[in-house]
Structures are given as C-alpha cells and as structure tokens.
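Novice:
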Amino acid sequence: MRKSTYFHLGFIVSLAPAQTKAGLASKQGLAVHGDAPNSDNEFLSSQNSPISWYYTWSPWPSDTVNNSVAFIPLLHGLDAASDDELKSLLGRLPDSSTHLLTFNEPDHDIASGGSDISPEDAAEAYIQYIAPLREGSSDSPRTWNISHPVVTGSGQGIEWLKRFNESCHHLSPDGCPADFVAVHYYGDFPGLAAWIGTLDDFYNPPNSSENRLGLWITEMALP
Numbered sequence: 001m002r003k004s005t006y007f008h009l010g011f012i013v014s015l016a017p018a019q020t021k022a023g024l025a026s027k028q029g030l031a032v033h034g035d036a037p038n039s040d041n042e043f044l045s046s047q048n049s050p051i052s053w054y055y056t057w058s059p060w061p062s063d064t065v066n067n068s069v070a071f072i073p074l075l076h077g078l079d080a081a082s083d084d085e086l087k088s089l090l091g092r093l094p095d096s097s098t099h100l101l102t103f104n105e106p107d108h109d110i111a112s113g114g115s116d117i118s119p120e121d122a123a124e125a126y127i128q129y130i131a132p133l134r135e136g137s138s139d140s141p142r143t144w145n146i147s148h149p150v151v152t153g154s155g156q157g158i159e160w161l162k163r164f165n166e167s168c169h170h171l172s173p174d175g176c177p178a179d180f181v182a183v184h185y186y187g188d189f190p191g192l193a194a195w196i197g198t199l200d201d202f203y204n205p206p207n208s209s210e211n212r213l214g215l216w217i218t219e220m221a222l223p
C-alpha cells in the first residue's frame, strides 16, 4: 500500500540479527515519494538526520536526496524483475546501495498499490532474475542483500508466503534464498507486534540451522 504522505518511517527490527554482507549506519529509514520542501530534503541529507537509508517503491533513487543516505531499490513487480536493463540500472547505483527489496504486496491488487502476483509466478521470477543478484555474475559482479517479497500484514499474506516457499522448493533444492525480510502492517501496535512474531516464527523457527533473518518494517500505520 502506498499512502499520499511524503515519508513513511521504516525500522530494522532487532528480533534477529540480519545476516548481511554490508551493514547500515542506522536502523531508521524512510519511504520517500512526491514533492517536498527543499528544507525536508536538506535535513534528510544532513549530519543531524537520524535516517541512514530510504526507498522509493522503485529501482530509481530520488534526485533530491544525496548519496550520504543509502538508497534501497525496490523491484515492485514482475516487469521490474525481468527488465533487460535491470543489472545495468543496479550497477549504476551508488556503492552505498547494498540492499534490495522485492515484490511489493504481491497478495494485494494493483489498484491498492500491490503487485498482484501469484506465489507460483513470483517463485519462478525470483529464482530466475532475483536470486542470482545475491552472488553476482561475470557480466554484473556486484552483489546484493535481498529481501523476500513483502506481503500485507494479514492471514492472506502469510498464506501467500507459505505457497511461495513451497513453490520455491518445488523449483529449486535451494528454494528462494534471502538475506532479510521486509514487513508491512497497518493497524494497532498489538497487531503489529503479533504480525512481527508471526513472520519471525515463519522465517526463524526454533532450532533451525539456517542463519536468522532480520526483519525490516518498511511500511506501517498505527491508529
């Protein structure tokens, strides 16, 4: 979901340490879109700002935010993931860009800001286009820390993730590897805490031998 306000505050939740190739200076980030006064952009890029990262719901950075704030590209839907120019576009981003968000609310319709992708189609595209970005290639050696698709904070969302995970392992013995998990939630704080717990249980089950995945809240709204 994408609201009409300029900023959405984002956080990296410390339930589990993120296993990433590169860290960020702060757990606080912003989702940026629309026009804003120059004073807002100047503060965002200033030494007094607590914000160290931002995203724009797209693979393109804002031309009003300087490179002192790390840009996190987002591949909103299937077209963005399969774009022939994707590797070139990502390769031109500043070195401070180290993390990549994927598939915005694929369990939600396009009219409401989602990407409306079936779990099966998402798994196929993830394995073909996105997972290779974690390791780089001869024509694009840059590597990325990658999130799984970010679903709505709902029962519909967790069911989508279960089907996505099943499809990933059906297509590849390695499944759909990721480095962190993005979180969306619109509701009260107890609901947010419960949703974070649901995702943590899904991605970081007790006694798992896998590296624990950190959780990033990239969209939220509390009443």
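As numbered in UniProt numbering, residues 1 to 223 make up the sequence shown, in order. Note that beta-carbon positions come from the ideal geometry of N, C-alpha and C, so glycine has one too.
Between which residues of its own chain and S49 is the CB-CB distance below 7 Å, once the five residues before and five after are set aside?
Specialist: Cβ within range, chain order: F43.
Novice: Output needed for W160: all residues of its chain with C-beta closer than 6 Å, excluding positions within five of it in sequence on either side, in chain order.
Specialist: Closer than 6 Å at the Cβ level, and outside the excluded window around W160, lie D107, P119 and V151.
Novice: Just mark D84 as buried or exposed, buried being the case when its beta carbon has 16 or more other beta carbons within 10 Å.
Specialist: It counts as exposed.
Novice: Can you grab the Cα-Cα spacing for the pair S154 / P173, in whole Å?
Specialist: In a straight line, the C-alpha of S154 is about 28 Å away from that of P173.
Novice: Of the choices L93, E124 and P223, whose alpha-carbon is the least far from that of F189?
Specialist: Residue P223 is the option with its Cα nearest to F189.
Novice: Between S167 and the rest of its own chain, which residues show a CB-CB distance below 6 Å, the 5 nearest in sequence each way excluded?
Specialist: Taken in chain order, the residues that qualify are P119, E120 and A123.
Novice: Closest by CA to Y126, which one among K27, S68 and D79?
Specialist: Closest option to Y126, Cα to Cα, is D79.
Novice: Taking the C-alpha atoms as reference points, what is the distance between H170 and N66?
Specialist: H170 and N66: Cα-Cα distance of roughly 42 Å.
Novice: Which partner residues does N104 have in the DSSP bridge list?
Specialist: V150.
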